[in-house]
Amino acid sequence: MKPILLQGHERSITQIKYNREGDLLFSVAKDTVVNGWYSVNGERLGTYNGHTGAVWCVDCDWDTKNVLTGSADNSCRLWDCETGKQLALLETSSAVRTCGFDFSGNIIMFSTDKQMGYQCFLNFFDLRDPQQIKDNQPYMSVPCSDSKITSAVWGPLGEFVIAGHENGEINQFSAKSGELLKKVKEHTKQINDLQSSVDLTMVVSASKDNTAKLFDSASLDHIKTFKTERPINSAAISPIMDHVVMGGGQEAMEVTTTSTRIGKFEARFFHSAYEEEFGRVKGHFGPINCVAFHPDGKSYSSGGEDGYVRIHYFDPHYFDFELEA
Amino acid sequence: MPSIEFDDSKPSWADQVEEEGDEGTLPPIKEVMKGNIKTITEYKIDEDGKKTKIIRTFKIETRKASKAVARRKNWKKFGNSEYDAAGPNVATTTVSDDVFMTFISNKEDLNAQDQDEDPMNKLKGQKIVSCRICKGDHWTTRCPYKDTLGPMQKELAEQLGLSTADKDKPAGSAEPEAIQPAQSKTGKYVPPSLRDGSTRRGESMQPNRRGSALAVVPTTFFIFFIYLLLSFAIQCDKTCLNWTQNYYWVIKKAVFSSARIRFVLVRVPGLK
Chain A
1 MKPILLQGHE RSITQIKYNR EGDLLFSVAK DTVVNGWYSV NGERLGTYNG HTGAVWCVDC
61 DWDTKNVLTG SADNSCRLWD CETGKQLALL ETSSAVRTCG FDFSGNIIMF STDKQMGYQC
121 FLNFFDLRDP QQIKDNQPYM SVPCSDSKIT SAVWGPLGEF VIAGHENGEI NQFSAKSGEL
181 LKKVKEHTKQ INDLQSSVDL TMVVSASKDN TAKLFDSASL DHIKTFKTER PINSAAISPI
241 MDHVVMGGGQ EAMEVTTTST RIGKFEARFF HSAYEEEFGR VKGHFGPINC VAFHPDGKSY
301 SSGGEDGYVR IHYFDPHYFD FELEA
Chain B
1 MPSIEFDDSK PSWADQVEEE GDEGTLPPIK EVMKGNIKTI TEYKIDEDGK KTKIIRTFKI
61 ETRKASKAVA RRKNWKKFGN SEYDAAGPNV ATTTVSDDVF MTFISNKEDL NAQDQDEDPM
121 NKLKGQKIVS CRICKGDHWT TRCPYKDTLG PMQKELAEQL GLSTADKDKP AGSAEPEAIQ
181 PAQSKTGKYV PPSLRDGSTR RGESMQPNRR GSALAVVPTT FFIFFIYLLL SFAIQCDKTC
241 LNWTQNYYWV IKKAVFSSAR IRFVLVRVPG LK
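Following this line, the structure appears as structure tokens:
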């Protein structure tokens with residue numbers, strides 16, 4: 001496959017996300033730039049200018065009207081997708097680490113970091129109520145005292161938020177009452193990324209403890225584990241095949257002792273049922289920070305520490321591949 | 001529209017342009033459609049005043065998409081892309097080299113592949129260093145059996161040396177004599193102080209400080225006290241018996257000859 005290389009950022013990519021139809025790809029990085037691209041040919045649609053610090057997260061709502069971004073400049077901003085205009089600015093007391101629209105596109109959640117004496121909070125805003133945005137008053141703010149939230153996704157039907165913590169815990173917080181519904185500790189180290197499947201029934205967690213785990217969204221049952229020798233920065237579930245893609249880092253020690261091979265950082269493909277690795281794709285010049293599958297499953301993208309986003313369209317060979325049991 | 005650019009240079013196009021009858025200005029833009037490949041040929045004058053020919057090749061693909069997606073494709077660009085032309089901008093988007101997914105049927109295969117390619121492993125096969133004790137792949141000082149095999153080796157060498165010395169004596173040739181001293185050594189130099197029968201003293205540079213100090217100090221101070229007594233006596237009785245004066249003079253000389261006392265006296269004024 002001939003990947004399309006998107007060079008819109010000067011610093012490492014923090015997150016990439018497709019919109020629901022998959023024709024737009026949003027990428028955010030530590031360089032304050034938010035880019036929107038057409039995923040079909042890599043043409044850039046535009047940039048959402050306004051943030052003054054590293055942008056940690058991005059999300060697009062289901063009808064691609066609004067884009068939500070959270071940044072280290074202590075703000076969470078809402079943008080109009082088509083024109084790039086900033087619609088709302090929600091200021092916080094510490095950096096915003098994760099953000100997301102719920103299934104309906106009406107409620108937004110974002111989590112703030114534990115820094116400078118402020119605790120980690122999970123905030124919920126209702127976009128149908130303009131008063132909340134004007135006063136910068138979330139209708140609910142849930143504090144998390146022990147370990148800060150490093151990644152969070154909405155559960156099915158907007159009922160709860162599944163959050164991954166710095167100590168490896170995964171918790172479910174109700175979106176209506178804010179109470180802790182379920183709690184699971186399967187990982188031993190920080191959870192770097194949480195992504196849900198297209199139908200929101202499963203969630204894959206990528207962790208620093210060199211494993212990625214697949215959970216059921218509603219019950220948080222631990223279904224599968226994918227083991228590697230490197231910390232995993234991001235994982236995504238394929239919408240059409242039983243595959244999971246992961247991107248990670250190479251330990252600093254390894255880099256100097258192994259032979260130098262440019263573009264060695266790989267995205268690894270695992271079979272989600274057999275928990276076995278079946279493929280690797282090279283190309284990045286630095287650890288891969290984020291991976292995402294196109295909603296139709298025919299392509300995937302990865303954003304790396306090198307500041308590049310690569311869109312890969314799979315060869316027909318990929319779809320015919322059968323893992324020999 | 002996805003675009004694919006490739007280089008298609010014809011020889012001496014500059015001559016062709018000149019032949020066509022130099023218009024002085026640039027030739028018009030040509031657009032050629034061949035099937036679904038569109039080739040646009042543009043002529044431009046560069047910053048250096050040179051004529052450049054730009055050939056862009058586009059593959060026109062018709063894709064069916066939902067209404068919403070199609071509408072989004074026609075959105076106006078904004079932000080940093082506001083002044084961009086239609087189609088991908090070369091600065092931001094490039095087609096990278098072919099990358100193939102390496103399919104792994106067996107994890108071992110992949111690891112083996114990695115190892116073969118590693119030149120480090122090729123070096124590992126060669127024997128570069130060898131230990132004198134156990135002939136292993138490490139330096140002698142880093143031998144894991146240093147404390148066990150090391151002394152054993154010494155003893156063996158000694159025995160060998162002595163036995164060969166005995167054997168050679170009855171033979172009585174000049175050569176063994178030369179070898180004898182070499183063989184009687186266990187192969188290591190033993191300094192005189194550590195040899196058997198050495199007292200191991202007389203090696204340190206520092207003199208016997210404490211002993212010598214102990215000998216001198218009491219004597220010095222004894223003389224010093226006599227001197228003090230006499231001076232006190234003289235002070236008290238100014239008539240000065242002759243003998244005290246004489247003794248006083250002698251003792252004073254003795255006292256002042258000692259550097260130690262001089263030091264003390266200088267420090268303590270009033271006693272001069």
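From first to last, the protein sequence lines are chains A and B.
If you're matching positions, the first sequence starts at 1 in the UniProt record's numbering and goes up one per residue.
If you're matching positions, the second sequence starts at 1 in the UniProt record's numbering and goes up one per residue.
Cβ coordinates follow ideal geometry from the N, Cα and C atoms, glycine included.
Which residues does DSSP list as the beta-bridge partners of T52(B)? BP columns for T52(B) point to K44(B).
Going by the CB atoms, is the gap between L68(A) and H59(A) shorter than 8 Å? It should be pointed out that residue 59(A) corresponds to Asp in this sequence rather than to His. Yes; because the gap between Cβ atoms is below 8 Å, this pair is in contact.
Here's a check: name, in chain order, each residue in its chain whose Cβ is nearer than 7 Å to the Cβ of L78(A), leaving out the five neighbours to either side. N66, L68, L87 and A88
Can you tell me whether DSSP reads F103(A) as helix, strand or coil? coil
On the three-pair Cβ rule with 8 Å, is the stretch 176 to 195 of chain A touching the stretch 219 to 237 of chain A? yes
I need the straight-line Cα distance from S93(A) to A218(A), nearest angstrom please. 31 Å
Between residue 314(B) and chain A, is any beta-carbon pair separated by less than 8 Å? In the structure displayed, chain B extends from 1 to 272; residue 314(B) sits before or after that span and is not available.
Where does S81(B) sit, in a helix, a strand or coil, going by DSSP? Looking at S81(B) - three-state DSSP - the assignment turns out to be helix.
For the 8 Å Cβ check, are there 3 or more pairs between the stretch 59 to 75 of chain B and the stretch 293 to 300 of chain A? no
Measuring alpha carbon to alpha carbon, tell me which residue in G100(A), P138(A), L25(A) and L180(A) is nearest S145(A). L180(A)
Going by CA-CA distance only, name the one from V129(B), P27(B) and T148(B) that's closest to W139(B). V129(B)
Assuming residue 273(B) is part of the alpha helix (DSSP H), what are its boundary residues? Because chain B spans 1 through 272 in this model, residue 273(B) falls outside it and cannot be assessed.
Which of helix, strand or coil DSSP assigns to P143(A): strand
Distance between G22(A) and H9(A) (C-alpha atoms, nearest Å): H9(A) and G22(A): Cα-Cα distance of roughly 21 Å.
H284(A) to A267(A) span [Cα, whole Å]: About 9 Å.
Tell me which residues share the same chain as Q15(A) and place their Cβ nearer than 6 Å to its Cβ, disregarding the 5 neighbours each side in the sequence. A distance below 6 Å between beta-carbons, with the five flanking residues on each side excluded, links Q15(A) to the following residues of its chain, in chain order: V28, C57, V58 and C290.
Who are the Cβ neighbours of V198(A) in its own chain at under 7 Å, not counting the five residues just before and after it? P239 and P295
Within 8 Å of any Cβ in chain A, is that where the Cβ of P151(B) sits? no
Taking DSSP as the reference, what is the three-state secondary structure of Q235(B)? Looking at Q235(B) - three-state DSSP - the assignment turns out to be helix.
Same chain only: Cβ atoms within 6 Å of S231(B), ignoring 5 sequence neighbours per side: none
From the beta carbon of V198(A), is the nearest beta carbon of chain B less than 8 Å away? no
If we count the other Cβ atoms within 10 Å of its Cβ and call it buried at 16 or more, is R310(A) buried or exposed? buried
Residue-chain proximity (P27(B), chain A), Cβ-Cβ < 8 Å: no
Supposed close pair F321(A), F103(B) - CB separation, criterion 8 Å: 6 Å
Mark V203(A) as exposed unless 16 or more other C-beta atoms lie within 10 angstroms of its C-beta, in which case mark it buried. buried
Residue from D102(A), E275(A) and V161(A) with nearest C-alpha to R128(A): For the residues D102(A), E275(A) and V161(A), the minimum Cα distance to R128(A) belongs to D102(A).
Whole-angstrom distance between K30(A) and L24(A), CA atom to CA atom: 20 Å
Would you identify the three-state DSSP class for S257(B), choosing helix, strand or coil? helix
Express the C-alpha separation of G35(B) and D216(A) in angstroms, rounding to a whole number. 50 Å
If G105(A) sits next to W62(A), beta carbons under 8 Å apart, how far is it from one beta carbon to the other, in whole angstroms? 5 Å
Q137(A): buried (16+ other C-beta within 10 angstroms of its C-beta) or exposed? exposed
Option nearest W37(A) by Cα separation, candidates K17(A), A54(A) and F270(A): K17(A)
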